[in-house]
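The letter at position 398 of the sequence shown is residue 650 when you use this note's numbering, and the numbering goes up by one with no holes.
We put the CB at the ideal spot given by N, CA and C, even for glycine.
Report on the structure given below.
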Amino acid sequence: MYFGYFPKRILDRGESYFKRNKVFSIQKKGEHHYSAIVLGTEAYHVSLALNEKGNIVQAFCDCPYAKDGNRCKHEAALYFALEGRLLNEKGISFQVGKVFQYCRRITYNDYSLHYQFNKELDKCFKQLDKLDNHEIKIKNFQKIIDDFVALKYPSSFRNKIIEKLFEKYRKIMKNDENDIQWLQLCLQDDRYRSCIYFLIEIIKSFDPDQQLMILKEALQKNADEDILMIYTDLLKNMDHDIAEALKELPYCQNLGCYHYELIKDYLIHHESHLVQQQYQSFLDNHQACTPYYLSKIESLVCDEKKESFYQYVSHHCRYYDGHEVIACYKDLKDVYYDPQDPYPMRFLNQIKNTFDQEYYCYILYATDNLKMLMLELLENGHMNVLEQYQKKLCEFDKADFLLVFVHSLLEHMQFVKNSKDYQVAQKWFDELFQMIEDPLIKIEVAHLFVEKYPKRKKIREIVESYLDDRGTR
Numbered sequence: 253m254y255f256g257y258f259p260k261r262i263l264d265r266g267e268s269y270f271k272r273n274k275v276f277s278i279q280k281k282g283e284h285h286y287s288a289i290v291l292g293t294e295a296y297h298v299s300l301a302l303n304e305k306g307n308i309v310q311a312f313c314d315c316p317y318a319k320d321g322n323r324c325k326h327e328a329a330l331y332f333a334l335e336g337r338l339l340n341e342k343g344i345s346f347q348v349g350k351v352f353q354y355c356r357r358i359t360y361n362d363y364s365l366h367y368q369f370n371k372e373l374d375k376c377f378k379q380l381d382k383l384d385n386h387e388i389k390i391k392n393f394q395k396i397i398d399d400f401v402a403l404k405y406p407s408s409f410r411n412k413i414i415e416k417l418f419e420k421y422r423k424i425m426k427n428d429e430n431d432i433q434w435l436q437l438c439l440q441d442d443r444y445r446s447c448i449y450f451l452i453e454i455i456k457s458f459d460p461d462q463q464l465m466i467l468k469e470a471l472q473k474n475a476d477e478d479i480l481m482i483y484t485d486l487l488k489n490m491d492h493d494i495a496e497a498l499k500e501l502p503y504c505q506n507l508g509c510y511h512y513e514l515i516k517d518y519l520i521h522h523e524s525h526l527v528q529q530q531y532q533s534f535l536d537n538h539q540a541c542t543p544y545y546l547s548k549i550e551s552l553v554c555d556e557k558k559e560s561f562y563q564y565v566s567h568h569c570r571y572y573d574g575h576e577v578i579a580c581y582k583d584l585k586d587v588y589y590d591p592q593d594p595y596p597m598r599f600l601n602q603i604k605n606t607f608d609q610e611y612y613c614y615i616l617y618a619t620d621n622l623k624m625l626m627l628e629l630l631e632n633g634h635m636n637v638l639e640q641y642q643k644k645l646c647e648f649d650k651a652d653f654l655l656v657f658v659h660s661l662l663e664h665m666q667f668v669k670n671s672k673d674y675q676v677a678q679k680w681f682d683e684l685f686q687m688i689e690d691p692l693i694k695i696e697v698a699h700l701f702v703e704k705y706p707k708r709k710k711i712r713e714i715v716e717s718y719l720d721d722r723g724t725r
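Here is the structure:
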């Protein structure tokens, strides 16, 4: 939408007229010239002349306000009515820069700017959704994202808009050659560095071979450590030869990740002579030999420096950031992949007192340490925490999970005081006794609650309701 031609109050009135279906008989008089009748106090004849970009260069209306030389709401109403038609005819995209400047002019702070820009973006989405031509639609979305990435939008709201744009793009893309070419260009564009996560999420919608092709094409033209890490993970998941695949990426030889993955692959395949060659090549490459990768590779190849990476992580990890802690643990597991290596577990024990129990349990769950999570819950029963993970814990080890469930519920019942609390507890008892198949174990579990809370008549009634004359129902 070309906002610069109309004052805001005229735009708002014109939009209102358009939404109330007051624009009739739209006709195209020339390549860029349109006319219509707009119903106001009476029927007014309106015409607009546009340039090749769809911007207004001349407008006419025979209403009294326009005759005095003003830009009127009838002219604005016709332009709103033309938006969908112009998109279908010329594929004119949402002009990000002009809309941003317009929103900046009429707002006073970043929050109101974000609100207004979001509002205009939603209008654009509605117009684009009307397009029959998918190629024009997708090119519009690509151009909108390209223009927005280059825009100096307030950093506090920037990622919200980027996420919104990519989410919308993901819904309309067809995973065709057009999408592939655009993604490859984005991966090579420095402006998209902050959007790598969103690009990768889109790339994941392609089949694995296409993903490899897109990432490889990008890496053959531009070395990027984040992309290389994702590429090597995909190679591993598909059981490809890591060493052969990496040797096809000469631009990546100055990346520490390149040397680390090669050395690790050689170690896994017991090619010790190649390990030493690659290690020396890494040490000679001052661009790749950063402290981070030096500590990682030393932990792999030097027995006397086995703790090197663990010490590096312990020193550099920002322990207040739970997501970074999770990333550090996964990094440690990648280096110390032998189950006998104690460092990943030592790290988890080290961070235990940094977080409250609920978040520590989340870290154990996110790092797939389900046995440790059950031990933690067994030590400090917490039903609300257990409930978040019970499905996965039960699938992991049902017998141990039942033990944790009973222990946690026993501890929880001391806090149950009123009827609302008992309703919640009843739901948990239902789940517990449904999972127990052995009648004798049901009796034992019921006795545990009665013995722990002998004076709580309500608890006795609840657990006995699950037993019949033979001990169970």
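Which first and last residues belong to the beta strand (DSSP E) in which A311 is found?
I308 to C313 is the extent of the beta strand (DSSP E) around A311.
Are there 16 or more other CB atoms within 10 angstroms of the CB of E513, so buried, or fewer, so exposed?
buried
Could you check whether the segment 531-541 touches the segment 561-576, counting it as contact only if at least three pairs of C-beta atoms, one from each stretch, sit closer than 8 Å?
no
Would you mind working out which of E294, V401, Q528 and D384 sits nearest I448, comparing C-alpha positions?
V401
Excluding the five sequence neighbours on either side, which residues of its own chain have a C-beta within less than 8 Å of the C-beta of M481, listed in chain order?
The beta carbon of M481 sits closer than 8 Å to those of C509, all from its chain and outside the five residues before and after it, given in chain order.
I'd like to check one pair, I515 with V553: are the Cβ atoms closer than 8 Å?
yes
If you compare alpha carbons, which of H664, D314 and Y614 is closest to A677?
H664
Do L437 and L467 have their C-beta atoms within less than 8 Å of each other?
no
Grab me the residues of K585's own chain with a C-beta within less than 7 Å of its C-beta, minus the 5 sequence neighbours each way, in chain order.
Annotation for K585: P596 place their beta carbon closer than 7 Å to its own, counting only its chain and skipping 5 residues before and after.
List the residues that DSSP assigns as beta-bridge partners of F276.
I289.
Contacts around K558, its chain only, beta-carbon distance under 7 Å, and the 5 residues preceding and following it disregarded
S551
State the DSSP-derived secondary structure class of A402, mapped to helix, strand or coil.
coil
With C-beta atoms as the reference, is V275 less than 8 Å away from V290?
yes
Hey, could you find the ends of the beta strand (DSSP E) Y297 is sitting in?
At residue 297 the sequence reads His, which differs from the Tyr that was named. Segment A295 to L302, the beta strand (DSSP E) holding H297.
State buried or exposed for S446, treating a residue as buried only when at least 16 other CB atoms are found within 10 Å of its CB.
S446 comes out exposed.
Should the segment 597-605 be called in touch with the segment 571-583, which here means at least 3 C-beta pairs below 8 Å?
yes
Whole-Å CB distance - Q279 paired with S287, under 8 Å assumed:
Their Cβ separation, rounded to whole angstroms, is 5 Å, which keeps Q279 and S287 in contact under 8 Å.
Assuming I396 and F332 form a contact by the criterion Cβ under 8 Å, report the distance between their Cβ atoms to the nearest whole angstrom.
In fact, because the Cβ distance is near 19 Å, the residues do not count as touching under 8 Å.
First and last residue of the alpha helix (DSSP H) that includes C438?
E429 to L439
Reduced DSSP secondary structure (H/G/I, E/B, other) of G321:
coil
Three-state secondary structure assigned by DSSP to K623
helix
Within its chain, find whatever has a CB closer than 8 Å to the CB of L471; leave out the 5 residues flanking it on each side and keep chain order.
Cβ neighbours of L471 beyond the five flanking positions: I479, L480, Y483, L501, Y503 and C504.
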